[in-house]
Amino acid sequence: MENPIFSLLLISLLSIFLTEAIADVVTLNVINLGAKPDGQTDSTRALLTAWAAACGSLKPATIFVPQGKYLVKQAHFKGKCKNRAITFQIDGTLIAPSDYNVIGNSKNWIMFQGVDGVSIHGGILDGQGTSLWSCKASGKNCPSGANVSGVTISDVTYQDIHGSSATRVAMKFDCSKRNPCRGIKLEDVHLTYKNQPAAQASCANAAGTTSGIIQPTSCL
0 MENPIFSLLL ISLLSIFLTE AIADVVTLNV INLGAKPDGQ TDSTRALLTA
50 WAAACGSLKP ATIFVPQGKY LVKQAHFKGK CKNRAITFQI DGTLIAPSDY
100 NVIGNSKNWI MFQGVDGVSI HGGILDGQGT SLWSCKASGK NCPSGANVSG
150 VTISDVTYQD IHGSSATRVA MKFDCSKRNP CRGIKLEDVH LTYKNQPAAQ
200 ASCANAAGTT SGIIQPTSCL
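Residues in the sequence shown are numbered from 0 upward in steps of one, following numbering that gives the first Met the number 0.
Quick look at the structure:
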C-alpha cells in the first residue's frame with residue numbers, strides 16, 4: 000500500500016520545483032513596454048526594449064507579443080547576449096509599414112545578428128508588400144524592399160511562422176565564412192511572395208535542419 004505521507008511529500012517537492020522553474024523565467028510583455036496592438040502605432044521601440052532586457056538577463060527570458068497587430072518599422076536584434084535562452088512567443092501579427100519608402104532599400108526588415116539560443120514561436124509576419132509589388136510592376140524606379148534575415152546566428156529556432164514577404168527572397172541567412180551560422184531549425188514555416196507560393200530562400204555559409212511544411216523550400 001502506498002505511503003500517503005511519502006506521496007504528499009513528493010507532491011509538495013514537485014510543486015516547489017515547478018514554482019521555482021516558472022519563477023526563474025523572465026517574461027517581458029511588449030504591451031507593458033509601450034507596444035500598441037492597433038496596427039498603426041509604431042511598436043519597434045517596445046520590441047527593442049524587450050530584447051535589450053532579455054539579452055542582458057542572466058535568466059531565461061520570454062518576449063511575449065499578445066494577440067493584435069503591431070507595426071514594426073525596422074528591428075535589428077543584436078548580440079552578443081548574456082542569455083542563451085531567449086524565446087519570442089508571438090501570438091499576434093508583426094506588420095511592416097504600408098509605405099514601402101519607410102524601409103526603402105534597407106534590405107532587412109527584421110534581423111537577428113550575433114545571437115545564440117533564440118527560439119521564435121508562432122505568429123504572423125506581414126511584409127505588406129502589395130504597394131511595392133505594384134510599383135515594380137509599373138516599371139518605376141522602386142526600392143528593393145526588405146526581408147526577414149538572420150546574420151551570424153546559431154542555435155536559433157523558427158517555429159510555426161506564417162506571413163508574406165515584400166521581396167521574392169522571403170528568408171535569408173547571409174552568413175560569413177569566418178562566422179558561419181549553425182544549428183538553425185525551421186519548423187512549419189510558411190512565407191509567401193505576392194500571396195503566391197513563389198517565395199525563395201537564400202543561404203550563405205548556413206547550416207541547420209527542417210521539419211514539417213517549409214515554404215519557401217529550405218536552402219539549409
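Just so you know, even glycine gets a beta-carbon here, dropped at the ideal spot from N, CA and C.
These numbers were taken from a predicted model, which means no experiment stands behind them.
Could you pull out every residue in the same chain whose Cβ sits closer than 8 Å to the Cβ of residue i, ignoring the five residues on either side in sequence?
| i | result |
| --- | --- |
| alanine 206 | Pro179, Cys180, Arg181, Gly182, Ile183 and Leu219 |
| leucine 190 | Leu124, Val147, Ile160, His161, Gly162, Ser163, Ser164, Ala169, Met170, Ala198, Gln214 and Pro215 |
| threonine 208 | Ile183, Lys184, Leu185 and Leu219 |
| valine 24 | Lys58, Pro59, Ala60 and Thr61 |
| arginine 167 | Tyr192, Ala197, Ala198 and Gln199 |
Since I believe residue j is in contact with residue i (beta carbons under 8 Å), could you give me their beta-carbon distance rounded to a whole number of angstroms?
| i | j | result |
| --- | --- | --- |
| isoleucine 102 | proline 65 | Incorrect: roughly 24 Å between the Cβ atoms, too far for contact. |
| glycine 162 | aspartate 187 | Not really, about 13 Å apart at Cβ, beyond 8 Å. |
| threonine 92 | glycine 122 | 7 Å |
| alanine 45 | glycine 33 | 4 Å |
DSSP beta-bridge partners for residue i?
| i | result |
| --- | --- |
| glycine 207 | Ile183 |
| cysteine 202 | Phe172 |
| leucine 27 | Ile62 |
| threonine 156 | Ser118 and Lys184 |
| serine 217 | Paired residue(s): none; serine 217 is not in a bridge. |
| serine 164 | Tyr192 |
| isoleucine 102 | Answer by DSSP bridge pairing: none, since isoleucine 102 is not bridged. |
Might you give, ordered along the chain, the residues of its own chain that have their beta carbon closer than 6 Å to the beta carbon of residue i, omitting 5 neighbours on each side?
| i | result |
| --- | --- |
| threonine 86 | Thr61 and Ser118 |
| asparagine 28 | Phe63 |
| cysteine 134 | Cys141 |
| isoleucine 21 | Residue confidence is low: isoleucine 21 scores 45 on pLDDT, short of 50, so the model does not pin down where it sits. No coordinate-derived value is stated. |
Among residues of its own chain, excluding the 5 on either side of residue i, which ones have a beta-carbon nearer than 7 Å to its beta-carbon?
| i | result |
| --- | --- |
| asparagine 204 | Cys174, Ser175, Lys176, Pro179 and Cys180 |
| asparagine 100 | Pro142 |
Q) At what residue ranges does the segment 44-100 contain a whole run of the beta strand (DSSP E), taking only runs of 3 or more? A) Taking only runs of at least 3 residues, the beta strand (DSSP E) segments lying wholly in the segment 44-100 are 60-64, 68-70, 74-77, 85-89 and 92-94.
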